[in-house]
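Numbering (our numbering), first residue to last: 21 to 356.
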């Protein structure tokens with residue numbers, strides 16, 4: 021565990037200065053909103069040093085090292101992945117009307133919806149700009165990788181929004197949404213450094229396969245935390261996914277189950293009006309009774325094993341493989 025924590029912290033240290041430099045390219049208003057969202061400063065501009073987990077930049081840096089490249093390749097890849105991820109979070113918070121992230125007021129709630137939308141747009145633009153400037157003959161391929169994963173991320177978010185008004189969401193659709201929304205960018209993060217380093221195709225593809233399965237395991241774990249996670253650890257309100265009637269994997273599994281609990285859950289989930297705290301607690305129990313939690317946990321573990329198998333099949337330095345594996349284990353056994 022400590023090795024993984026050290027890797028995440030090291031990645032944040034490596035990207036913080038170039039990240040600040042990249043934000044300096046923006047106009048003052050957009051820069052301020054972006055920096056606040058990224059955890060670099062508070063609403064008044066006072067430094068806070070409370071950036072996110074750093075999962076995607078860590079994967080990108082490891083990917084570059086797996087291909088024998090250094091920070092001159094790894095850092096642009098890491099920055100691009102972190103910027104795209106945070107672009108999606110800024111817009112996601114607006115669409116979901118979430119007012120809290122990482123134990124702080126969300127950017128749109130702090131600065132307004134227009135400012136948050138522009139901040140997200142700016143981060144997306146910066147990601148492409150920084151990749152295009154990377155000292156690599158394969159920068160165009162890296163740009164295509166980021167572009168394709170962003171397109172899939174958007175498709176996943178669109179599906180997530182569509183599911184909110186539907187009562188007939190299938191488990192297959194739900195898993196596809198999770199793969200697009202989370203798996204695509206995780207696959208890009210795990211392979212982008214190798215792509216930018218002009219690594220052999222089999223290495224880049226193998227790392228992408230690892231990232232795809234890791235992303236699915238991560239999202240499934242996130243779905244579990246969205247219902248049963250500790251708000252003090254997750255930074256989100258208790259039973260947040262049920263409160264917003266999200267069609268997450270455990271919920272959809274339970275709704276589709278031929279059980280009394282699933283039938284009762286439907287009557288709660290699809291009736292108009294807000295659910296009371298008592299009803300929210302009941303809904304969480306119903307999802308678990310109908311098998312949604314157990315199935316999701318088992319599927320997350322299966323995805324983790326697939327991710328580990330993908331890494332073990334690659335010929336990369338043992339210390340790098342160990343860091344990939346340690347990170348995968350931590351992400352699938354986390355509480356926030």
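Note that the Cβ used here is the ideal one computed from N, Cα and C, for glycine as well.
Residues in the same chain with beta-carbon distance under 8 angstroms from residue i, minus the five sequence neighbours each way, listed in chain order, please.
i: residue 22; result: Confidence in residue 22 is poor, its pLDDT being 49 and thus under 50, which makes the residue's placement unreliable; the coordinate value appears in the next sentence. Correct list: empty, nothing qualifies.
i: residue 299; result: 288
Determine the closest residue to residue i out of the options, with distance taken between C-alpha atoms.
i: residue 193; options: 100, 234, 166, 268; result: 268
i: residue 186; options: 71, 143, 289; result: 289
i: residue 75; options: 239, 179, 151; result: 239
i: residue 143; options: 81, 217, 51, 65; result: 51
i: residue 153; options: 96, 116, 112, 115; result: 96
i: residue 89; options: 155, 309, 183; result: 155
i: residue 261; options: 284, 294, 280; result: 294
i: residue 252; options: 279, 122, 222; result: 122
Using a Cβ-Cβ cut-off of 7 angstroms (strictly less than) and excluding sequence neighbours within five positions of residue i, which residues of its own chain qualify?
i: residue 173; result: 108, 200, 201, 204, 205
i: residue 332; result: none
i: residue 323; result: 233, 236, 237, 240
i: residue 138; result: 50
How would you call residue i, buried or exposed, if buried means at least 16 neighbouring beta carbons within 10 angstroms?
i: residue 230; result: buried
i: residue 282; result: buried
i: residue 343; result: buried
i: residue 319; result: buried
i: residue 79; result: buried
i: residue 66; result: exposed
i: residue 338; result: exposed
If the criterion is Cβ atoms closer than 7 angstroms, does the pair residue i and residue j meet it?
i: residue 210; j: residue 227; result: yes
i: residue 55; j: residue 39; result: no
i: residue 340; j: residue 86; result: yes
i: residue 275; j: residue 266; result: no
i: residue 100; j: residue 166; result: yes
i: residue 304; j: residue 259; result: yes
Look at the alpha carbon of residue i and the alpha carbon of residue j, and state the distance between them as a whole number of angstroms.
i: residue 225; j: residue 334; result: 10 angstroms
i: residue 330; j: residue 233; result: 9 angstroms
i: residue 124; j: residue 220; result: 42 angstroms
i: residue 346; j: residue 321; result: 14 angstroms
i: residue 243; j: residue 32; result: 25 angstroms
i: residue 102; j: residue 28; result: 13 angstroms
i: residue 159; j: residue 136; result: 29 angstroms
i: residue 249; j: residue 69; result: 25 angstroms
i: residue 163; j: residue 82; result: 19 angstroms
i: residue 93; j: residue 214; result: 9 angstroms
i: residue 147; j: residue 161; result: 14 angstroms
i: residue 169; j: residue 263; result: 29 angstroms
Cutting at 6 angstroms between CB atoms, please list the residues of its own chain near residue i, excluding the five before and the five after it.
i: residue 270; result: 243, 307, 312, 313, 316
i: residue 175; result: 200
i: residue 126; result: 113, 118, 119
Would you verify that the beta carbon of residue i is, or is not, closer than 7 angstroms to some beta carbon of chain C?
i: residue 86; result: This model lacks chain C altogether, as it is built from one protein chain only.
Taking 6 angstroms as the line, does the beta carbon of residue i fall inside it for any heavy atom of the ligand MG?
i: residue 346; result: Of the ligands one can find in the structure shown there are none, so the ligand MG has no counterpart to examine.
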